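Q: Attaching a single structure in structure tokens format; questions to follow.
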Amino acid sequence: MSFEQLVLDAFDQLSPFYTTEKNQKTTNSVSAQLEATYLGIKSQLSGTSLRESGDKSTRALPPQLTLQNLARFMGQSKSCWILEDFHKINESDRALLSQAMKVFVDMAAEYNTLKIIAIGAVDSARQVVKYDHEMRTRVAEIHVPLMNLHELQDIIIKGGELMNLRFDSSLSSTISHYAAGLPSICHTLCLNICVHLDFNIPSEKLVNIRKESLQPALKMYLDEASDTLKMAFENNLKQSKVKKYNNPELIVKALSELPQEGGTRADIYKRITKYEKDYPQGNLTKYLKQMCEKEITPLIRSSESSGKYAFIDPLYRAFAMALVSITHSHDPHELIDWNDAIASFIKSFSTEELTKSIHTYKILYATDK
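Residue numbers (the numbering used here): 5 to 373.
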């Protein structure tokens, strides 16, 4: 969304109305009627009193949708402005939104509940909001770390209790390792297991869920993610012209040999030089940055706190490992048929492959030593 669209959407969510005109009308009437009949006299007196009043309200018009008015309406309704996926907003619009934050900070003196909450899937608020020097003391950075294995297993345990299901310890361990700190993946795999086993409501009796149930759940997950998987690898690994080094492919290969949590730039460089001894460090710096900043489908992410690079989704790492084995027998400059590669990957992928993708780095590190 652009900055203008974000502001218009905020106004639309509030649906603000303001009074442009007040009309008040009072009407009093008294009527009398005298009616005679042949047999006698019948008189009828009737009176009415009417008072009318009303306010005329009109929807706020686009020219009046200013940040000051937005802050005022939110303050009066005790609402806050939540901006999700802030990292996907264009750089130029982030600068405008940092100015909007100034307006909200100033208006907060009048409305103490007024605030903007910017949510972004990165490790530092500085990557989410490119605020200026004046805003540094006015922005609260709240770090939301990745979940650890115990926290992910708690999700499985609590969800199982609600559904009256008991997940096998080896199954919950595999799911929590595969999720790599991301609760969304943990939720999705557990949901797929329930859907496959036709548990749409809590079970009447306690049911044990074994590790074999993970295979169909993984297939469902892979089918849903196949288009994104194809786009991510194709956009990152394709080369417009033949070069001495296939830089993205070397980086992907190196990351596939590192732990699921990724590795530092030095770790990646060490892996690459095993195959390309004269590989320039400048190439690694350039292409790591590009692969983290792909606007549509980034393949890897970086962590400022740990200095490590890793695949965005553990599924990407598993596919990278399979892709490396496929490309060993191909010419390095031969074009890859991504549809065939991903179809083959989905067809052959199993829980054993998943376990291998989780624990391979232990074997690699042992052989290095």
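Ideal placement from N, C-alpha and C gives every residue a C-beta, glycine not left out.
Small disclaimer: the values here were computed from a predicted structure and weren't measured.
(1) Output the distance between the C-alpha atoms of Lys234 and Lys223, rounded to the nearest integer angstrom.
(2) For the candidate residues Ser177, Ala14, Ala221, whose alpha-carbon lies nearest to that of Asp202?
(3) Would Lys312 and Thr268 qualify as a contact pair, given that the criterion is a beta-carbon distance under 8 Å?
(4) Could you check if Thr178 is buried or exposed, using at least 16 other CB atoms within 10 Å of its CB as the buried criterion?
(5) Excluding the five sequence neighbours on either side, which residues of its own chain have a C-beta within less than 8 Å of the C-beta of Leu254, listed in chain order?
(6) Restricting to Cα atoms, I'd like to know which of Tyr273, Ser310, Phe315, Ser307 is closest to Asn240.
(7) Would you tell me roughly how many angstroms separate the C-alpha atoms of Leu153 and Ile160, rounded to the nearest one?
(8) In three-state terms, what does DSSP make of Asn212?
(9) Under 8 Å, do Ile213 and Leu175 count as touching if we go by C-beta distance?
(10) What are the partner residues of Lys312, as DSSP defines its beta bridges?
(11) Starting from the C-beta of Leu18, find all residues in its chain whose C-beta is less than 6 Å away, skip the five residues before and the five after it, and write them out in chain order.
(12) To which residues of the same chain is Thr117 closer than 6 Å at the C-beta, ignoring the five residues directly before and after it?
(13) Does the Cβ of Gly286 have 16 or more other Cβ atoms within 10 Å, making it buried, or fewer, making it exposed?
(14) Can you grab the Cα-Cα spacing for the pair Thr232 / Leu327, in whole Å?
(15) When the Cα atoms are used, what is the spatial distance from Tyr291 to Asn251?
(16) Measure the beta-carbon distance from Leu150 to Gly124 and round it to whole angstroms, keeping in mind my assumption that it falls under 8 Å.
(17) How big is the Cα-Cα spacing for Ala322 and Glu88?
(18) Classify Glu265: buried if its beta carbon has 16 or more other beta carbons within 10 angstroms, exposed otherwise.
(19) Alpha carbon to alpha carbon, what distance is there between Ala183 and Met295?
A: A quick look at the data gives this:
(1) In the sequence shown, the residue the question calls residue 234 occupies position 230. In the sequence shown, the residue the question calls residue 223 occupies position 219. Going by the C-alpha atoms only, they are around 16 Å apart.
(2) Here residue 202 refers to the residue found at position 198 when the sequence shown is read from its first residue. When each option's Cα is compared against that of Asp202, the closest is Ala221.
(3) Residue 312 sits at position 308 when you count from the first residue of the sequence shown. Residue 268 sits at position 264 when you count from the first residue of the sequence shown. Yes.
(4) If you number the sequence shown from 1, residue 178 lands on position 174. With 16 or more other Cβ atoms within 10 Å, it is buried.
(5) Translated into the one-based positions of the sequence shown, residue 254 becomes position 250. The residues are Ile276, Tyr279, Glu280, Tyr283.
(6) Translated into positions along the sequence shown, residue 240 becomes position 236. The candidate whose alpha carbon is nearest that of Asn240 is Phe315.
(7) Walking along the sequence shown from the start, residue 153 turns up at place 149. Walking along the sequence shown from the start, residue 160 turns up at place 156. The straight-line gap from Cα to Cα measures roughly 11 Å.
(8) The sequence position of residue 212 within the sequence shown is 208, counting from 1. In the structure shown, Asn212 sits in a strand (DSSP, three-state: E or B).
(9) For the purposes of this step, residue 213 is taken as residue 209 along the sequence shown, with counting starting at 1. For the purposes of this step, residue 175 is taken as residue 171 along the sequence shown, with counting starting at 1. Yes, Cβ-Cβ distance for Ile213 and Leu175 is below 8 Å.
(10) On the sequence shown, residue 312 is found 308 positions in, with the first residue counted as 1. As a beta-bridge residue in DSSP terms, Lys312 pairs with Thr268.
(11) Within the sequence shown, the letter at position 14 stands for residue 18. The residues are Phe77.
(12) Taking the first residue of the sequence shown as 1, we reach residue 117 at position 113. Once the five neighbours on either side are set aside, the close Cβ partners of Thr117 are Lys82.
(13) Counting from one through the sequence shown, the residue named residue 286 turns up at place 282. Gly286 is exposed by the Cβ-count criterion.
(14) Locating residue 232 in the sequence shown gives position 228, where the first residue counts as 1. Locating residue 327 in the sequence shown gives position 323, where the first residue counts as 1. Using only the alpha carbons, I get a separation of about 16 Å.
(15) In the sequence shown, residue 291 corresponds to position 287, counting from 1. In the sequence shown, residue 251 corresponds to position 247, counting from 1. Going by the C-alpha atoms only, they are around 7 Å apart.
(16) Translated into the one-based positions of the sequence shown, residue 150 becomes position 146. Translated into the one-based positions of the sequence shown, residue 124 becomes position 120. Not quite, the Cβ-Cβ distance comes to about 14 Å (not below 8 Å), so this is no contact.
(17) To locate residue 322, count along the sequence shown from 1; it is residue 318. To locate residue 88, count along the sequence shown from 1; it is residue 84. Answer to the nearest angstrom: the Cα atoms are 29 Å apart.
(18) Here the question's residue 265 lines up with position 261 in the sequence shown. Glu265 is exposed by the Cβ-count criterion.
(19) Within the sequence shown, numbered from 1, the residue matching residue 295 stands at position 291. Within the sequence shown, numbered from 1, the residue matching residue 183 stands at position 179. Looking at the two C-alpha atoms, the distance is approximately 21 Å.
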